[in-house]
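Here is the structure we will look at.
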Amino acid sequence: MADLLRLALVGCGRQMQQNLFPFLQRIRGHQVVACVDPDLSLAADVQSLAGGATCASSVDDLDLETVDAAVLAVPPEPSYRLVRQLAESGIDCFVEKPAGPSTPALQDLEHVVRRSGRHVQVGFNFRYAETLQRLHELSEEIRATPCSVTVDFYSRHPSAPQWGVDTTLEAWIRHNGVHALDLARWFTPSPVVQLDAHAIGDADRFQVNLFLRHHDGSLSTLRMGNHVKRFLVGVTVQGMDGSRYSAPSLERVTLELSDGLPYGQELHATRNLDHGWGRSGFGPELQAFVDACAGQQSEPHTGGRAPVKGVPSISDALAASALCDRVMAELDAAATNGLGYLTDSVRASA
Ligand SMILES: NC(=O)c1ccc[n+]([C@@H]2O[C@H](COP(=O)([O-])OP(=O)(O)OC[C@H]3O[C@@H](n4cnc5c(N)ncnc54)[C@H](O)[C@@H]3O)[C@@H](O)[C@H]2O)c1
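Residues in the sequence shown are numbered from 7 upward in steps of one, following our numbering.
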């Protein structure tokens, strides 16, 4: 490998221009050598800021000998196809979630990636958000026994069908709800044995509530939707010792309930002077990717290596996709995409 990790940026749309590339510019140890998008004007936008990179309309036009790793922010179908192709060509990949169009595609990708021995990291950025990392650490002890976790995840987009998915609800679940499901898995890794899903609203604007029971007895409640005016993520962990740790937003962590301690004690607040580095997690996740690739590339290539510990992998994308399938099946079973009424309703009052 050259001294600097040689990166290809694949898919130069919104996510690359607004988040990934700006944070990559704040990370050392790499050099952008290619910007790829079928819309060459988008590739040229990023190239003009990258200095010395080439522009291409397809990965097939790149000389892969000049690339060590790729950062992909493309729709799910090309994510799957391109990560498959690049990993088989010996290239490490960072790929935005959901990383593939379906659970069978991700199963295939998991197999190919494992065989390739490449480092493939999936963009579940909230695992790297400073506040949620702190909440994860602070709640470690109470999460060692069955606990209850609530995840709030609200985002206005998509508000129309997108990324090749037919309905707004499914596009939202697979592209945004998948973050909440990944957070639920991260806070409670025990397998999900039961899942209930309910929605209110209409086909393009909805709230969805999920209830997950885990094998170890833990419970996760996910409240999410696109009915909001602004983006919000929050997580609360309640232990059986009577304590409740909460990150009501990506700004702070409080201890809301605990024996002998004042209510609402602030345990952590994000720094305001880091230009968003710690807030969304995009910066730390890309730093982790560049560091893992540098480590990987300096080792001899042997197939079948296990994914780097603690890094969201294709196996995580696969597990989250299987949960999305289950959510959609539950919502579909509840009639008209989960937005209809039950045929036999139960009276709320006598
Ligand atoms: N982690 C997050 O919080 C987050 C946020 C936003 C989007 N995303 C994900 O990022 C991905 C892209 O989203 P976006 O909003 O940037 O969409 P977008 O449509 O703005 O950009 C996607 C780009 O990929 C390009 N593309 C399509 N096929 C390609 C191919 N074969 N090779 C190269 N480029 C190709 C398109 O021309 C387009 O410019 C989606 O999977 C989305 O879920 C993640």
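Even glycine gets a Cβ: it sits at the ideal position worked out from N, Cα and C.
All values derive from a computational prediction rather than experimental measurement.
Can you have a look at Leu55 and say buried or exposed, based on whether 16 or more other CB atoms are within 10 angstroms of its CB? Position 49 of the sequence shown, counting from 1, holds the residue named residue 55. It counts as exposed.
Exposed or buried, Val39, counting other C-beta atoms within 10 Å across all chains shown (16 or more means buried)? Stepping through the sequence shown from its first residue, residue 39 is reached at position 33. Classification of Val39: buried, given that the 10 Å Cβ count is 16 or more.
Can you tell me which of Gln213, His221, Pro195 and Leu263 puts its alpha carbon nearest to the alpha carbon of Ala326? Mapped onto the sequence shown, residue 326 falls at position 320. When only C-alpha atoms are compared, the closest one is Pro195.
Please name the residue or residues paired with Asn215 in a DSSP beta bridge. By 1-based counting over the sequence shown, the position of residue 215 is 209. Asn215 is bridged to His204 and Arg229.
Residue burial classification, Gly316 (beta-carbon count within 10 angstroms, cutoff 16): Translated into the one-based positions of the sequence shown, residue 316 becomes position 310. Result: exposed.
Closer than 6 angstroms: is that where the CB of Asn131 sits relative to any heavy atom of ligand 1? Translated into positions along the sequence shown, residue 131 becomes position 125. The answer is yes for Asn131.
Give a yes or no on contact between the segment 153-166 and the segment 235-244, applying the rule of three or more CB pairs nearer than 8 angstroms. yes
Quick check: what's the CA-CA separation for Gln213 versus His204? The residue labelled residue 213 in the question sits at position 207 within the sequence shown. The residue labelled residue 204 in the question sits at position 198 within the sequence shown. Each residue's Cα considered, the two are about 8 angstroms apart.
Straight-line gap, Arg32 to Glu336 (C-alpha atoms, nearest Å): Taking the first residue of the sequence shown as 1, we reach residue 32 at position 26. Taking the first residue of the sequence shown as 1, we reach residue 336 at position 330. Approximately 43 angstroms, taken between the alpha carbons.
Please name the residue, chosen from Gly240, Phe193, Met334 and Gly231, that lies closest to Asp222 on a Cα-to-Cα basis. Against the sequence shown, residue 222 aligns to sequence position 216. Measuring from the Cα of Asp222, the nearest candidate turns out to be Phe193.
For the candidate residues Glu147, Val101, Asn182 and Ala75, whose alpha-carbon lies nearest to that of Val128? Translated into positions along the sequence shown, residue 128 becomes position 122. The candidate whose alpha carbon is nearest that of Val128 is Val101.
Give every residue of the same chain whose Cβ lies closer than 8 angstroms to the Cβ of Ser122, excluding the five residues on either side of it in the sequence, and list them in chain order. Position 116 of the sequence shown, counted from the start, is the residue given in the question as residue 122. Within the same chain, Ser122 has close Cβ partners Ala93, Glu94, Gly96 and Gly309.
Please list, in chain order, all residues with a C-beta atom less than 7 angstroms from at least one heavy atom of ligand 1. Val16, Gly17, Cys18, Gly19, Arg20, Gln21, Met22, Asn25, Val42, Asp43, Pro44, Asp45, Leu48, Ser64, Val65, Ala79, Val80, Pro81, Pro82, Pro84, Ser85, Leu88, Glu102, Lys103, Pro104, Gly129, Asn131, Trp169, His181 and His185
Range of the contiguous alpha helix (DSSP H) that encloses His281: For the purposes of this step, residue 281 is taken as residue 275 along the sequence shown, with counting starting at 1. Here His281 belongs to no alpha helix (DSSP H), and DSSP marks it neither H nor E.
Report yes if the C-beta distance between Pro82 and Pro44 is below 7 angstroms; otherwise report no. Working through the sequence shown from its first residue, we reach residue 82 at position 76. Working through the sequence shown from its first residue, we reach residue 44 at position 38. In this structure, Pro44 does not lie closer than 7 angstroms to Pro82 by Cβ.
Once the 5 residues before and after Asp331 are set aside, which same chain residues still bring their CB inside 7 angstroms of it? Here the question's residue 331 lines up with position 325 in the sequence shown. Once the five neighbours on either side are set aside, the close Cβ partners of Asp331 are Thr109.
Reference Gln139; option with closest CA among Ile320, Val259 and Glu272: Here residue 139 refers to the residue found at position 133 of the sequence shown. For Gln139, the nearest C-alpha among the options comes from Val259.
Mind checking Val171: buried by the 16 CB within 10 Å criterion, or exposed? Here residue 171 refers to the residue found at position 165 when the sequence shown is read from its first residue. The residue in question, Val171, is buried, as its Cβ has 16 or more Cβ neighbours within 10 Å.
Just how far apart, CA to CA, sit Asp368 and Thr174? A question about residue 368 goes unanswered here, because the residues of the chain that appear run from 7 up to 356.
Could you give the C-beta distance for Asp322 and Phe132, rounded to a whole number, given that I count them as a contact under 8 angstroms? Translated into the one-based positions of the sequence shown, residue 322 becomes position 316. Translated into the one-based positions of the sequence shown, residue 132 becomes position 126. Incorrect: roughly 12 angstroms between the Cβ atoms, too far for contact.
Run of the beta strand (DSSP E) containing Phe130, from where it starts to where it stops: For the purposes of this step, residue 130 is identified with residue 124 of the sequence shown, where counting begins at 1. No beta strand (DSSP E) holds Phe130; DSSP gives it neither H nor E.
Exposed or buried, which one is Ser47 when buried takes at least 16 other CB atoms within 10 Å? Here residue 47 refers to the residue found at position 41 of the sequence shown. When all chains shown are included, Ser47 counts as exposed.
Could you pull out every unbroken beta strand (DSSP E) segment of at least 3 residues lying fully inside the segment 10-51, listed in chain order? 11-16 and 36-42
If I follow the unbroken alpha helix (DSSP H) through Thr174, where does it start and stop? Here residue 174 refers to the residue found at position 168 when the sequence shown is read from its first residue. Thr174 to Trp178 is the extent of the alpha helix (DSSP H) around Thr174.
Whole-angstrom distance between Ser224 and Ala62, CA atom to CA atom: As a working note, residue 62 is residue 56 in the sequence shown. As a working note, residue 224 is residue 218 in the sequence shown. Roughly 48 angstroms between the two C-alpha positions.
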